[in-house]
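Asker: First the structure, which I've put down as C-alpha cells, then a few questions once you've had a look.
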Amino acid sequence: MSGSGKVVCVTGASGYIASWLVKLLLQRGYTVRASVRDLADPKKIEHLRALEGANERLHLFKANLLEEHSFDSVVEGCEGVFHTASPFYHNVTDPQAELIDPAVKGTLNVFSSCVKTPCIKRVVVTSSMAAVAYNGRPRTPDVVVDETWFSSAEFCKQAKMWYVLSKTLAEEAAWKFSKDNSIDMVTINPAMVIGPLLQPTLNTSAAAILNLINGSSTYPNASFGWVNVKDVAKAHILAFEVPSASGRYCLVERVAHYAELVKILHDQYPALKLPEMCADDEPFVPIYQVSKEKTKSLGIDYIPVETSIMETVESLREKGFVSF
Ligand SMILES: NC(=O)c1ccc[n+]([C@@H]2O[C@H](COP(=O)([O-])OP(=O)(O)OC[C@H]3O[C@@H](n4cnc5c(N)ncnc54)[C@H](OP(=O)(O)O)[C@@H]3O)[C@@H](O)[C@H]2O)c1
1 MSGSGKVVCV TGASGYIASW LVKLLLQRGY TVRASVRDLA DPKKIEHLRA LEGANERLHL
61 FKANLLEEHS FDSVVEGCEG VFHTASPFYH NVTDPQAELI DPAVKGTLNV FSSCVKTPCI
121 KRVVVTSSMA AVAYNGRPRT PDVVVDETWF SSAEFCKQAK MWYVLSKTLA EEAAWKFSKD
181 NSIDMVTINP AMVIGPLLQP TLNTSAAAIL NLINGSSTYP NASFGWVNVK DVAKAHILAF
241 EVPSASGRYC LVERVAHYAE LVKILHDQYP ALKLPEMCAD DEPFVPIYQV SKEKTKSLGI
301 DYIPVETSIM ETVESLREKG FVSF
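The sequence shown begins at 1 in the UniProt record's numbering and counts up by one.
So, in C-alpha cells, the structure goes:
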C-alpha cells in the first residue's frame, strides 16, 4: 500500500469531502491525524471512527480555524497536510466573520503550523472552482476555463458572492504564504461536488441535488461544473503522491445547467416528481467547458455525472433525507 508507514494530516475531517479523503487515505495504508471542531459530537466523528483501518491508524484532534496555533499538534510528525476545512454555506448574515475569516485566517493558521514542522513535504489545499472562474470574463459553450484563470476578489465583492470571495482570498493567501516560506503547495479546485455521503449530516453541494428531488416546483437558472466526491478525494491523494504534481488542478467532469440535471434524473427515476419550470424567465445561464488536461495527467479518469447524480440520490435516500 502506497501510504504504509506514512503519516498525513487532514483538516476539517468530518466534512463531506474530507471524510472521503480520510477513508481513501486509510485504505491506502496511511496513518491519518485528522482535525475536527467538536470531538464530543457523535455526528462529526462516529462515521470516521467506523472507517476501515480507523481503529489502528486514525487519530482525531480538536482544532478550530480561528484559533492561532490550533493546528500545531495536529500536523506534528506529518509528511503531508491536506487542508480542506473551510465553511461552505450560502445563508450568511456576517460574511466576514462566518466565511472570510475562517477561510483566510484559517488557511494562514494551518500554514503557520506547517512552516514550523520541517518533516512536511507538501501541503494540498482544497480550493475551488470558485477561486478560478469568477472574474467577469464571459463563460459560453466555446470558452474553455483552465488553471490559468483566477477569480477576481473585486468582482466577487461587487456581486456579493461571499463564499466565492472567501475561497478566492483563501487561495491567494495560501499561494503568497507558500511562496514566501518555500512550502511545496498544490491546490485542488473542484466545482460542485456530488456523490455518496459518508457523514450523517447534509452538506451544501449534496443539498443542490436534494432540492431537485424533494418536491420543489422549480429548478435554479444556473450552470455549474459537477464532479464526483470520490474523484475529488483521489485527486487530493495523487496531488500528494505524484512528485511532479504542481500548481492548481481544476476538477470538473462536466458543466451542466440544472435543466440538464433534471432531465438526467427523469431518465433515471421516471416516476419521481421533479421540477418542471425554471425559477425565472431569463435565458438559461450558458454552459462552458473546463479543461481536463491537467487532472487527466494526474491520473483522474472521471466518473460520469449521470453516475454521480444517481449515487447522490441513492445516498440521500439511504440516509433518510428523502423518501420515494
Ligand atoms: N462540496 C463542494 O461542492 C465543494 C466544491 C469546491 C470546494 N469545496 C471545498 O471543500 C472543502 C470541504 O467542503 P465540503 O463540501 O466537504 O463541506 P462541509 O461538509 O461543510 O465541510 C466543511 C468542513 O470545514 C470545517 N470548518 C468550518 N469552519 C471551521 C472552523 N472555524 N474551524 C474548523 N473547521 C471548520 C467543518 O467543520 P464542522 O464539521 O465542525 O462544521 C467541516 O468539517 C471546503 O474547503 C470547501 O470550500 C467544496
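Idealized CB from N, CA, C, for every residue including glycine.
1. Could you name the residues of the same chain whose beta carbon sits closer than 8 Å to that of G26, not counting the 5 residues immediately before and after it, in chain order?
2. Within the same chain, show all residues whose beta-carbon is closer than 7 Å to that of A173, passing over the 5 residues directly before and after it, in chain order.
3. Indicate whether F324 and L272 have their beta-carbon atoms separated by less than 9 Å.
4. Does the stretch 136-154 come close enough to the stretch 162-171 to have 3 or more Cβ pairs within less than 8 Å?
5. Hey, how far is the Cα of V291 from the Cα of F240?
6. Are I194 and S205 close, meaning C-beta to C-beta below 9 Å?
7. Per DSSP, what kind of secondary structure is L210 in: helix, strand or coil?
8. What is the DSSP secondary structure of residue 395, counted as helix, strand or coil?
9. Scan the stretch 19-92 and note each continuous alpha helix (DSSP H) run of 4 residues or more that stays entirely inside, going in chain order.
10. In the DSSP assignment, the alpha helix (DSSP H) including G106 goes from what residue to what residue?
11. Can A133 be considered in contact with ligand 1, in the sense that its beta carbon sits closer than 8 Å to one or more heavy atoms?
12. Which first and last residues belong to the alpha helix (DSSP H) in which A271 is found?
13. Around the Cβ of G12, are there at least 16 other Cβ atoms within 10 angstroms (buried) or fewer (exposed)?
14. Ligand 1 heavy atoms versus the CB of G12: any closer than 8 Å?
15. With a threshold of 16 other CB atoms inside 10 Å of the CB of K116, please say whether the residue is buried or exposed.
16. If we call anything under 9 Å between Cβ atoms a contact, is S216 one with P275?
17. Return yes when at least one heavy atom of ligand 1 lies under 8 Å from the C-beta of F111, else no.
18. Ignoring anything shorter than 4 residues or poking outside the stretch 122-186, list the alpha helix (DSSP H) runs there in chain order.
19. Contact check, M185 vs G225 under 8 Å by CB: the rounded distance?
20. Just to confirm before moving on: does the CB-CB distance between V123 and V110 stay below 9 Å?
21. May I ask which residues mark the beginning and end of the beta strand (DSSP E) holding M192?
22. V252 to L261, Cα distance in whole Å?
23. Does the distance from the CB of I209 to the CB of S127 come in under 9 Å?
24. Report the CB separation of P286 from R139 in whole angstroms; it is logged as a contact under 8 Å.
25. By how many angstroms is the C-alpha of G136 removed from the C-alpha of Q158?
26. Residues in its own chain within less than 7 Å of V322 by CB, not counting five upstream and five downstream?
27. Could you please give me the residues that DSSP links to G247 through a beta bridge?
Answerer: Let's see:
1. Looking up residue 26 in the sequence shown gives position 26. The sequence shown places Leu at residue 26, not Gly. Excluding sequence positions up to five before and after L26, its CB lies within less than 8 Å of the CB of V32, L51, E52, G53, A54, R57, L58, all in the same chain and listed in chain order.
2. The residue labelled residue 173 in the question sits at position 173 within the sequence shown. V104, T107, L108.
3. Translated into positions along the sequence shown, residue 324 becomes position 324. Translated into positions along the sequence shown, residue 272 becomes position 272. Result yes, Cβ atoms of F324 and L272 sit closer than 9 Å.
4. Touching, yes, given that three or more Cβ pairs across the two stretches are closer than 8 Å.
5. Working through the sequence shown from its first residue, we reach residue 291 at position 291. Working through the sequence shown from its first residue, we reach residue 240 at position 240. The question names Val, yet the displayed sequence has Ser at residue 291. It is roughly 21 Å from the alpha-carbon of S291 to the alpha-carbon of F240.
6. For the purposes of this step, residue 194 is taken as residue 194 along the sequence shown, with counting starting at 1. For the purposes of this step, residue 205 is taken as residue 205 along the sequence shown, with counting starting at 1. Taking 9 Å as the Cβ cut-off, I194 and S205 qualify as a contacting pair.
7. Residue 210 sits at position 210 when you count from the first residue of the sequence shown. Three-state DSSP puts L210 in a helix.
8. Outside the modelled stretch of the chain, which goes from 1 to 324, sits residue 395, for which no answer is possible.
9. Listed in chain order, the complete alpha helix (DSSP H) runs (minimum 4 residues) inside the stretch 19-92 are 42-49, 54-57, 72-75.
10. Counted from its first residue, the sequence shown places residue 106 at position 106. Residues 101-115.
11. The count along the sequence shown starts at 1 and reaches residue 133 at position 133. For A133, the shortest C-beta to heavy atom distance toward ligand 1 is 8 Å or greater.
12. Here residue 271 is taken as the residue at index 271 of the sequence shown, counted from 1. Element bounds for A271: n/a, residue is neither H nor E.
13. The sequence position of residue 12 within the sequence shown is 12, counting from 1. By the 10 Å Cβ count, G12 comes out buried.
14. Position 12 of the sequence shown, counted from the start, is the residue given in the question as residue 12. With a cutoff of 8 Å, G12 counts as near ligand 1, since its C-beta is closer than that to a heavy atom of the ligand.
15. By 1-based counting over the sequence shown, the position of residue 116 is 116. Counting other Cβ atoms within 10 Å of its Cβ, K116 stays below 16 and is therefore classed as exposed.
16. Walking along the sequence shown from the start, residue 216 turns up at place 216. Walking along the sequence shown from the start, residue 275 turns up at place 275. In contact: S216 and P275 (Cβ atoms closer than 9 Å).
17. The sequence position of residue 111 within the sequence shown is 111, counting from 1. Not one heavy atom of ligand 1 falls within 8 Å of the beta-carbon of F111.
18. You should have 153-158, 162-180.
19. Sequence index remark: in the sequence shown, residue 185 carries index 185 (1-based). Sequence index remark: in the sequence shown, residue 225 carries index 225 (1-based). Actually they are not in contact, since the Cβ atoms of M185 and G225 sit about 22 Å apart, beyond 8 Å.
20. By 1-based counting over the sequence shown, the position of residue 123 is 123. By 1-based counting over the sequence shown, the position of residue 110 is 110. With respect to the 9 Å criterion, V123 and V110 are classified as neighbours on the basis of their beta carbons.
21. On the sequence shown, position 192 is the one that residue 192 refers to. First-last of the beta strand (DSSP E) with M192: 192-194.
22. Here residue 252 corresponds to residue number 252 of the sequence shown, with the count starting at 1. Here residue 261 corresponds to residue number 261 of the sequence shown, with the count starting at 1. Rounded to the nearest angstrom, the two C-alpha atoms are 15 Å apart.
23. The residue given as residue 209 occupies position 209 in the sequence shown. The residue given as residue 127 occupies position 127 in the sequence shown. Result no, Cβ atoms of I209 and S127 do not sit closer than 9 Å.
24. As a working note, residue 286 is residue 286 in the sequence shown. As a working note, residue 139 is residue 139 in the sequence shown. About 7 Å; that satisfies the 8 Å criterion.
25. As a first step, residue 158 must be located in the sequence shown, where it is residue number 158. As a first step, residue 136 must be located in the sequence shown, where it is residue number 136. Spanning the two alpha carbons is a distance of roughly 11 Å.
26. In the sequence shown, residue 322 corresponds to position 322, counting from 1. These residues qualify, in order along the chain: L210, I213, N214, L316.
27. Walking along the sequence shown from the start, residue 247 turns up at place 247. Its beta-bridge partners are V186.
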